[in-house]
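Engineer: Position in the sequence shown (from 1) plus 102 gives the number in this note's numbering.
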Amino acid sequence: MIYWDIFWAFFISNLLGYGGGPSTIPLIQNEVVSNYEWMSLSEFGDVLAIANALPGPIATKMAGFIGFELGGVLGAAVALIATILPSALAVIVLFKFVDLFKDSPRVKLMTKSVQPIIAVLLAVMAYQFFITAFQNSGVLHLLLLTLASYLTLYKFKVHPALVIGCALFYGGVFLS
């Protein structure tokens, strides 16, 4: 039964996650944290941070890790298949219609109307991570990491993966 749950959680998230990784992450979070309660919001945030630091698509890395944690190698394979299958099916089925509808005003309007929804989902997820970080690490560490991250990303133009890695190291040393 766990393999069906893994498949369904990742399949639905990636089927409804129009627009790639940023739109699927809140949906995966909802399934993994809220619906099935396989991990806490803090644990999900850790998985997301590691997935962001590694090269490649975020959703597949998260699916592989979560699937492996829940069901071993078979769980990872099921989660990866469920993550990739909606896009693969869409490419196969919709490829024939791309030329027919690429200039349609309705298709363009539909694409534009999805963007605010994705922005709201990402904002809610960021707010939840902020509250969890505040509760788990305290205001001093949260402000220090926020300020250091802002300065290194925007002032000194350091690569985000390096900033995430340094924040993980800081958390491992001072917050564990």
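Think of the CB as a built atom: it goes at the ideal place given N, C-alpha and C, for glycine as much as any other residue.
Which two residues bound the contiguous alpha helix (DSSP H) that contains M164?
Structural biologist: Element bounds for M164: 160-196.
Engineer: In three-state DSSP terms, what is V260?
Structural biologist: In this structure, V260 counts as coil in the three-state DSSP scheme.
Engineer: Using a 10 Å radius around the Cβ and a threshold of 16 neighbouring Cβ atoms, would you call E133 buried or exposed?
Structural biologist: It counts as buried.
Engineer: Return the first residue and the last residue of the alpha helix (DSSP H) that E145 is part of.
Structural biologist: Element bounds for E145: 143-155.
Engineer: Closer than 8 Å to a non-hydrogen atom of the ligand NAD - does that hold for the CB of F199?
Structural biologist: Summarising the ligand content, the structure contains no ligands, and the ligand NAD is consequently not present.
Engineer: Could you give the residue range of the alpha helix (DSSP H) that holds V241?
Structural biologist: Here the alpha helix (DSSP H) through V241 covers 207-252.
Engineer: Three-state secondary structure (DSSP) at Y138?
Structural biologist: Coil at Y138, not helix or strand.
Engineer: Would K163 be called buried (16 or more neighbouring beta carbons within 10 Å of its own) or exposed?
Structural biologist: Result: buried.
Engineer: Can you tell me whether Q131 is buried or exposed, with buried defined as 16 or more other CB within 10 angstroms of its CB?
Structural biologist: The residue is buried, with at least 16 neighbouring Cβ atoms inside 10 Å.
Engineer: Determine the DSSP secondary structure at L202, reduced to helix, strand or coil.
Structural biologist: L202 falls in the helix class under three-state DSSP.
Engineer: Taking Cβ to Cβ, would you say I108 is nearer than 9 Å to G158?
Structural biologist: Contact: no.
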